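Position in the sequence shown counted from 1, then plus 1, gives you our numbering.
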Amino acid sequence: MFFAMKEVGKIWMNGKLVPFKDAKVHVLTHALHYSTAVFEGIRCYKTRKGSAIFRLSEHVDRLFKSAELYSMKIPYSKKKISQAIIKTTKASTLKECYIRPIAYYGYNVLGLTPTKNKIDVAIACWEWKTGESRAGRVNGARCKVSKWLRIDSRSQPMLSKAASNYANAVLARMEALNGGYDEAIMLNYRGDVAEGSAENIFLVKNNKIFTPPLSSDILPGITRDSAIKIAKKEGLVVKEKKLKRRDLYVADEVFMTGTAAEVKSVTEIDNKIIGNGKPGKITRKLQKAFKATTLGKDKKFSRWLTYI
Ligand SMILES: Cc1ncc(COP(=O)(O)O)c(C=O)c1O
């Protein structure tokens, strides 16, 4: 289910907080034409001790890494960007929200060479309730293996969370939705399972958890990393392994992870029922543990929360 954007709070643009409706870019902005942008998706959770941003430093590190892979020099320090994220989140007046920092080549000269434009940075927050995507949380998502292949890392650096990765993801998402499914699963050029259109993927077989390695052309998901660490803490075995489509079909459980999706169960792939067709035991355990972690209820991972 999708909701129109509610314009609340302010948006940080190149060092200043501006009213939400005034945060505009010129139509000849380089990034709009050539996808020269890198961005992040972060969540702020409402905990008993107040609002807290989940894994802020890891998201800021990834933003800078994404930029570096495209030789983009973000004109602010990591510290300044972290402070700006906190400031914008506070200014949003929302107790929990989704946070979107973006760095992009701006407006000056429009030709393929980006470097005549300065790098602009913006940070916005909006409401994106946890649990809003019911498919995967309550019933389990119905997925389709996409006919679109994930972009090969030899074509562009897929470790970067770059806007240019997402036209490929949008094609896969639309194909899945148009076919009546909830989400797409993408394979890479070698036919290995890569990821969902906006999530990493895991399977459970004989009580062991498997997920594709970073070399399968995937985004190094921060929720993926959280899920691996939480699962290990829960005493579960997690292994990175190249996976084929057939491994998904015969898995006991499949789940996806992402900042927006959190931990979502997949109960059907290409009309084949996974396991018993219900969110599996290990998936539910991880959903519960992940939720507790984001709400600051797990001491071991309390350093992942930045209270604002
Ligand atoms: C393609 C892709 N894979 C994986 C993820 C999950 O990453 P994270 O857990 O850091 O949000 C995302 C999130 O946006 C994504 O777009």
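Yeah, the Cβ is synthetic: ideal placement off N, Cα and C, and Gly gets one too.
Everything numeric in this text was worked out from a predicted model, so none of it was measured.
If only uninterrupted alpha helix (DSSP H) runs of at least 4 residues are considered, those enclosed by the stretch 51-83 are 57-70. Using a 10 angstroms sphere on the CB of H27, the tally of other CB atoms stays under 16, which defines it as exposed.
For M175, the enclosing alpha helix (DSSP H) begins and ends at Y167 to N179. In terms of Cα proximity to I86, the closest of G42, R151, T131 and P221 is G42.
In the structure shown, S147 adopts coil according to DSSP, grouped into three states.
Using a Cβ distance threshold of 8 Å, G107 and T30 count as a contacting pair.
Residues of the same chain with a CB within less than 6 Å of the CB of A68, apart from the 5 flanking positions on each side, are V39, I75 and A104 in chain order.
Put simply, the backbone Cα of V110 is about 13 Å away from that of L33. In chain order, the residues that have a beta carbon nearer than 6 Å to some heavy atom of ligand 1 are G42, A170, E196, A199, E200, N201, L220, G222, I223, T224, R225, T258, G259 and T260. In the displayed model, K25 falls within coil according to three-state DSSP, outside both helix and strand. Taking C-beta atoms as the reference points, V238 and I210 count as a pair closer than 8 Å. Burial check for N169: the Cβ neighbour count within 10 Å reaches 16 or more, so the residue is buried. Ranked by Cα distance from T224, the first of R247, D218, V251 and A261 is A261. DSSP, read as helix, strand or coil, puts D218 in coil. It is roughly 6 Å from the alpha-carbon of S52 to the alpha-carbon of I309.
Here T94 is exposed, its C-beta having fewer than 16 other C-beta atoms within 10 Å. With fewer than 16 other CB atoms across the displayed protein chains lying within 10 angstroms of its CB, E235 is exposed. Selection G141, K162, R143 and K300 evaluated against L64 yields K162 as nearest (Cα-Cα).
By the neighbour-count definition (other C-beta atoms within 10 Å, threshold 16), A228 is a buried residue. The beta carbons of P102 and I124 sit closer together than 8 Å.
At a Cβ-Cβ threshold of 8 Å, W305 and R49 do not count as neighbours. Close CB contacts of D248 within its chain, under the 8 Å cut and outside five residues either way in sequence, are with V194, L204, K206 and F211 (chain order).
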